[in-house]
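**Student:** One structure, pasted below without further comment.
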Amino acid sequence: MIPTIFLLKKIELPISVNMVNFMNIVNDSLLIYSAYPSKLDIEKINLNTQQITGRISLEMESHKETFFDKNRGYLAANDSLIIYAYTYKKQIDIYGVDDMKLRKRLVGENTVPHIVVGDVKETEFRQRELVAGKHYFYIRCRKPKNMEGCFIEVYDYSGRSIAQYELTEMLYAFDVDEDNSTIYGYNSDIFEDGFLKYTLNGSE
1 MIPTIFLLKK
11 IELPISVNMV
21 NFMNIVNDSL
31 LIYSAYPSKL
41 DIEKINLNTQ
51 QITGRISLEM
61 ESHKETFFDK
71 NRGYLAANDS
81 LIIYAYTYKK
91 QIDIYGVDDM
101 KLRKRLVGEN
111 TVPHIVVGDV
121 KETEFRQREL
131 VAGKHYFYIR
141 CRKPKNMEGC
151 FIEVYDYSGR
161 SIAQYELTEM
171 LYAFDVDEDN
181 STIYGYNSDI
191 FEDGFLKYTL
201 NGSE
């Protein structure tokens with residue numbers, strides 16, 4: 001028998017945009033999210049007071065096409081840190097949850113975006129999905145054009161690079177079970193009705 005979950009209550013939030021993304025609830029009562037696609041700002045709401053208590057403002061380009069904005073990125077958070085991985089350049093920003101101030105910036109070699117507004121095929125995606133685990137955070141990175149598969153890069157929360165795993169398949173979404181050293185990924189082109197499972201010493 002499938003258990004039924006009932007709605008307990010509705011919480012009205014002071015969100016001015018129609019849609020938000022990358023919602024994270026931390027410290028039991030803080031909601032951290034990206035205001036994308038309306039804008040790129042990262043905001044923090046106290047669910048108890050229903051007030052915005054912090055904001056990280058990210059500059060938008062004049063063309064206003066947020067999907068192709070050089071500062072577009074992926075967001076994840078834990079109880080102490082916010083991780084923001086830029087989509088089109090090799091850059092990761094780490095902010096504190098309490099004060100929303102930049103703690104560390106990790107910059108790689110490919111920091112100049114190659115973006116062709118309106119053309120997904122010609123635009124180069126450097127970093128995609130982001131997962132915040134208990135001990136590490138994980139970023140899915142595209143391989144160079146004409147190469148199949150992807151990379152999963154692993155960092156600790158001080159910003160130190162821990163590992164890089166090369167996968168022969170492209171993952172459109174993934175999650176990590178740190179306790180069992182397992183990555184679960186999804187690619188509908190390979191297996192539409194389930195997940196792909198990878199262990200740190202091989203794949204299944």
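Heads up, the sequence shown is in this note's numbering, so the first residue is 1 and it goes up one at a time.
Beta carbons: idealized from backbone N, C-alpha and C, even for Gly.
Treat the numbers as computed from the prediction; the structure is a model and nothing was measured.
1) Can L58 and K39 be called in contact, C-beta distance under 9 Å?
2) Taking the alpha-carbon of I139 as reference, which of L75, M19 and G54 has the nearest alpha-carbon?
3) In the DSSP assignment, find the unbroken beta strand (DSSP E) run with Y172 in it and report its ends.
4) Which partner residues does F151 have in the DSSP bridge list?
5) If we require 3 or more residues per run, which beta strand (DSSP E) segments fall completely within the stretch 17 to 88?
6) With 16 other CB atoms within 10 Å as the buried threshold, where does L102 fall?
7) When the Cβ atoms of the stretch 108 to 128 are set against those of the stretch 156 to 170, are three or more pairs found closer than 8 Å?
8) Under 9 Å between the Cβ atoms of K90 and R126?
9) Nearest-angstrom Cα distance between N24 and D119?
10) May I ask you to report which of helix, strand or coil DSSP gives R126?
11) Can you tell which of M19, C150 and I32 has the C-alpha that lies nearest to the C-alpha of F174?
12) Going by other Cβ atoms of all chains shown within 10 Å of its Cβ, with 16 needed for buried, is S34 buried or exposed?
13) Mapping the DSSP letters down to three states, classify K10 as helix, strand or coil.
14) Three-state secondary structure (DSSP) at D189?
15) Just the C-alpha distance for S62 and K70, rounded to the nearest angstrom, thanks.
16) Starting from L102, trace the beta strand (DSSP E) in both directions and tell me its first and last residue.
**Tutor:** Put simply:
1) yes
2) L75
3) It is not in any beta strand (DSSP E) - Y172 carries neither H nor E in the DSSP assignment.
4) C141 and E166
5) 21 to 26, 30 to 34, 42 to 46, 51 to 56, 73 to 77 and 81 to 86
6) exposed
7) no
8) yes
9) 30 Å
10) coil
11) C150
12) buried
13) coil
14) coil
15) 11 Å
16) L102 to V107
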